[in-house]
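Those protein sequences? They're chains A and B, same order as listed.
Count along the first sequence from 1, add 85, and you get the number used in this note's numbering.
Count along the second sequence from 1, add 192, and you get the number used in this note's numbering.
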Amino acid sequence: MIHHDVIVVGGGLAGLRAAIEAKRAGLDVAVLSQVHPGRSHSGAAQGGINAALGNHPEGRDDSWEKHAFDTTKGGDFLGDQDAIVQMTKDAIEVIYEMDHWGCPFSRYEDGRITQRPFGGAGFPRCCYGADKTGHYLLHTLVEQAYKHQVKLYVEQYVCKLIVHEGICQGVVAYDMIRGGFEAFSGGAVIIATGGAGRIYANSTNALINTGGGMAMAYHAGVPLKDMEFIQFHPTGLYSTNILMTEAARGEGGYLVNGLGERYMEKYAPKFMELAPRDIVARAGQTEINEGRGINGQPYVYLDLRHLGAEKILERLPGIRDLAIHFEGVDPIEEPIPVVPSQHYTMGGIDTNVDGATIMPGLYAAGECACVSVHGANRLGGNSLLETIVFGRRAGADVFRYLESRPDKRPPNARAAFAAVQAMEDKVEALARAEATENAYALRTEMALVTKEHFGVFRDEAGMKAGLDKLLSIKERSAKVGLRYTGNVFNLDLIRTLDLEGMIDVALCMAMGALNRTESRGAHYRTDYTKRDDANWLKHTLAYYRPGEAGPRLDYKPVTLGYFEPEERKY
Amino acid sequence: MAEITFRVKRQDPQDKKNPEAHWEDYKITYEGNLTVLEGLFYIQEKYDGSLAFRYCCRASVCGSCAMYIDGAYRLACQTNVKHLDSAGSPDPVVTVAPMPHLPLVKDLVCDMTDFFAKYEYIMPWLIRKSPDPEKELLQSPKDRKKLDMPIDCILCGCCYSSCPSVWGEENYLGPAALLKAYRFEVDSRDEARKDRLSRWDNERGVYRCHTIMNCVEACPKELVPTEGIQWLKRAAIRRRLFGRLK
Ligand SMILES: Cc1cc2nc3c(=O)[nH]c(=O)nc-3n(C[C@H](O)[C@H](O)[C@H](O)COP(=O)(O)OP(=O)(O)OC[C@H]3O[C@@H](n4cnc5c(N)ncnc54)[C@H](O)[C@@H]3O)c2cc1C
Ligand code: SF4
Ligand code: SF4
Ligand code: FES
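Here's what the structure looks like:
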């Protein structure tokens, strides 16, 4: 058994920022990650990170209050306003901090950080480094983690929480390099495992974004919140769903249908291409569904040609490379074929503004958590911000928790050994199982069901049919087995273990969506097209029921207090 | 439907019965496009669950999937089999091997411990001596431009694996770590004096580079580590003569 004061699961922006904060408070901190932290999905983020710095010439009147309002409205008033205010206030400070740590933001002539317009924002407040902001931020935090001597355990696949007398005391991990399961015990655990995009077949997310951290918390009895709110990004590459950042539109790119029209005119005449994502994604899907895709094909164009080679090369070089490599299209010469693609998990592990869950000792931050600041629809540039703001807050609160906790006994060794034993038993059973189902086939099937039945447009009949399919996949998943039982870098083991959690997370999403008889943000129902504040201005909570197929659903009120819900017009 | 053969170098040093490297062929059928990474998943799912390889972003930004494909350093996720020379033949065979000259974990997974130890050794973080300002540290676009090349490094290891000086001297820091040193020394906000210099201004560092340029050829991000290394060599001289690096 390995012991540290704090165990952070995940080395993306949220995990690293939490670890650095806890370390600076004097704690002994370890980060466990399935991939080297510098390879985390955060590094794929392109567009930028929001903060009301007021550096842009048209952003002088910007303020954290306006940022808070845009965020609340963009999220269709489902976000908790105390959390939103906290985030937009902290934003300014954390950006300067990232700059002081060396983050290479792009610069104005006077040396200040550049900002660009982004969707749903009243002012240009998205701070950026070319179109590689996530890569730059992530590497800056990796560097700081090394500097602060945070202990990194790389290529450790975490699969279970250690819970003793209702308190979280560590995790069990599969050591991908040396093989075998090991207990990592700690006074507190921070889950920062990112989103669950891969429960969809058409995701922009990294291949390891399987929602494992959400599933671990869920199985330990912590509720998942607002899982039905899945963001679809309007511009994923047609053939691979690889993202073309919103910054492409922030810099002036057009969306064009098969008739050559800038179709956003019909849907958001004022904000046009820079309306919030849910609206732009629905618009694109409508054009495609009604036969106005390019040459009748199921995609539309993102056209950047009028920006000119110089601007594209300076501001959007990464996008250009991706379009060339993965779609065979050079945006300087040709428009890019794009489709709405699953992009972001608004929901996640239910936490308070300090990242604490209902289970003592268990925290969550980043995309795997739901504080909630994004409500029913996240604004571009707010997610990178969330990871850093709430990673930092979680790291600080862990210190307070460990100081104030009355029970200072070390983690219970027997509970740790039992948890390792449970994992070993489970894997042994999988190895011995006479598999009649194939884990990879089931995973593919599940991801196609979510894509088809829980996409941009939803309705009762479609979702019911989808839920039935998911339930049957869940049943069949009990009959999978391992095909390879080697100890080292066993991808068969990891991908098979992933499956259970992915299906359970998908079920939370599906049941939450079916139950919510309204349209709000990214959750759009063709049979209930209006937002219904009287009945549905509330968060969904999904609780695990051992032995049952799906979750128990409960609800809790949204924290208001700053802005009254109003109709969204863009 | 198209068909292609992947000839994959397999080795499990832990396997007592068969610890040696050997090649195995797998037939893959696909429609439209196929990346090497997709091909590897096809093999892992359909033929052999034991195949080991690294992956994450599948969009050429995370640096996980660096391999030696058809005799060149490439990112598996970025490599469309159509663009390989082998694709032209009627019965195409793509060879996929781990990055050479690195210790092996299994199959296509190399041991990157030394690579990251050297990265850490070089002190890859901004060193400041003055107190932080209330707002950002100002940096002119001209100074910021100097960072464009080195900050695009994804730590994939291709350059490191390709460098003859690394093969010959296991303590040599290698192109990626030195490029990182350059990234900070050249940053107008960095206030390191001797801090980092002592780590690269020696025989383990820049003087071990003989400008053979393999690293430039190998880098899938088209970066030029040698540009950084040359800058560092000149900076060391500047420092001796004028007492400053930049
Ligand atoms: C293509 C793309 C572009 C984006 N662009 C923007 C943007 O411009 N602006 C913006 O605000 N947001 C953007 N987002 C969203 C944003 O990037 C993510 O929400 C955010 O980076 C998530 O960070 P994280 O730290 O929560 O998780 P990640 O960065 O996903 O990190 C998760 C970590 O957890 C580890 N992990 C996961 N499971 C396990 C396990 N079982 N065991 C051990 N370790 C595990 C992983 O190894 C990894 O280190 C973008 C998203 C995508 C997909
Ligand atoms: S130029 Fe220097 S670093 Fe690059 S391969 Fe040659 S010796 Fe190695
Ligand atoms: S310099 Fe290029 S080859 Fe070397 S690690 Fe960085 S990205 Fe990879
Ligand atoms: S999987 Fe990330 S670079 Fe290939």
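Note that beta-carbon positions come from the ideal geometry of N, C-alpha and C, so glycine has one too.
- Take the alpha-carbon of residue 250(B) and the one of residue 270(B): they are about 8 Å apart.
- Minimum Cα-Cα distance from residue 432(B) among the listed residues 385(B), 359(B), 289(B) corresponds to 385(B).
- Every alpha helix (DSSP H) stretch that sits fully inside the region 511 to 560 of chain A and reaches 4 residues is listed by chain position as 524 to 538.
- Between residue 400(A) and residue 330(B) a beta carbon distance of about 21 Å is seen, past the 8 Å cut, so the two are scored as non-contacting.
- Straight-line measurement puts the Cα of residue 325(A) at about 24 Å from the Cα of residue 313(A).
- Against chain A, the beta carbon of residue 339(B) has neighbours under 7 Å at 189, listed in chain order.
- The C-alpha of residue 103(A) is placed about 25 Å away from the C-alpha of residue 157(A).
- By the criterion of a C-beta distance shorter than 6 Å, residue 127(A) is surrounded in its chain by 97, 98, 219, 223, once the five residues flanking it on both sides are discounted.
- Taking non-hydrogen atoms of ligand 4 into account, the C-beta of residue 261(B) is found less than 8 Å away from none of them.
- Following the DSSP letters along the chain, one finds residue 643(A) in no alpha helix (DSSP H), marked with neither H nor E.
- Against chain B, the CB of residue 380(A) has no partner CB under 9 Å away; the residue lies outside that interface.
- Selection 311(B), 352(B), 259(B) evaluated against residue 286(B) yields 259(B) as nearest (Cα-Cα).
- Apart from sequence neighbours up to five positions away, the residues of its chain that approach residue 442(A) with a beta-carbon distance below 7 Å are 302, 307, 434, 435, 436, 448, 449, ordered along the chain.
- Proximity of the region 117 to 134 of chain A to the region 319 to 336 of chain A meets the contact definition, three or more beta-carbon pairs being nearer than 8 Å.
- For residue 456(A) against residue 168(A), the beta-carbon gap comes to about 5 Å, under 8 Å, which counts as contact.
- Residues of chain B whose Cβ lies closer than 7 Å to the Cβ of residue 574(A) are, in chain order, 244, 297, 298, 301.
- Annotation: the region 319 to 356 of chain A contains the following complete segments of the alpha helix (DSSP H) (minimum length 4 residues), in chain order: 332 to 335, 349 to 352.
- For residue 341(B), there is no enclosing alpha helix (DSSP H), as DSSP marks it with neither H nor E.
- Here the region 374 to 385 of chain B does not lie against the region 134 to 152 of chain A, with fewer than 3 beta-carbon pairs under 8 Å apart.
- Residues are counted here when their Cβ sits less than 9 Å from a Cβ of chain A; for the region 231 to 262 of chain B these are 233, 236, 237, 238, 240, 241, 242, 243, 244, 245, 246, 247, 248, 249, 250, 251, 252, 253, 254, 255, 256, given in chain order.
- DSSP, read as helix, strand or coil, puts residue 563(A) in helix.
- Judged by DSSP in its simplified three-state form, residue 371(A) adopts helix.
- Shown here for residue 421(B): same chain residues with a beta carbon closer than 6 Å to its own, the five before and five after excluded, namely 370, 398, 401 in chain order.
- For residue 329(B), the chain A residues whose Cβ falls inside 7 Å of its Cβ are 184, 185, in order along the chain.
- Shown here, residue 272(A) sits in coil according to DSSP, grouped into three states, outside any helix or strand.
- The criterion of a C-beta distance shorter than 9 Å is satisfied by residue 417(A) and residue 390(A).
- Of the residues assessed, residue 186(A) falls on the buried side of the cut-off, its CB having 16 or more other CB atoms within 10 angstroms.
- At a C-beta separation below 7 Å, residue 232(A) has these neighbours in chain B: 317.
- Excluding five sequence positions before and after residue 439(A), the CB atoms of its chain that fall closer than 7 Å to its own CB belong to 478, 479, 482, given in chain order.
- Of all residues in the region 119 to 130 of chain A, those with a C-beta nearer than 9 Å to a C-beta of chain B are 119, 120, 121, 123, 124, 125, 126, 128, 129, reading in chain order.
- Counting along the chain, residue 238(B) sits inside the alpha helix (DSSP H) bounded by residues 228 to 238.
- For residue 312(B), the closest Cβ of chain A is nearer than 9 Å.
- About 7 Å separates the Cβ atoms of residue 319(B) and residue 388(B), confirming a contact at the 8 Å cut-off.
- Taking 9 Å as the cut-off, the beta carbon of residue 284(A) is found no closer than this to the beta carbon of residue 212(A).
- Residue 254(A) carries a strand assignment under DSSP once its states are collapsed to helix, strand and coil.
- Per DSSP, the continuous beta strand (DSSP E) segment holding residue 196(B) begins and ends at 194 to 202.
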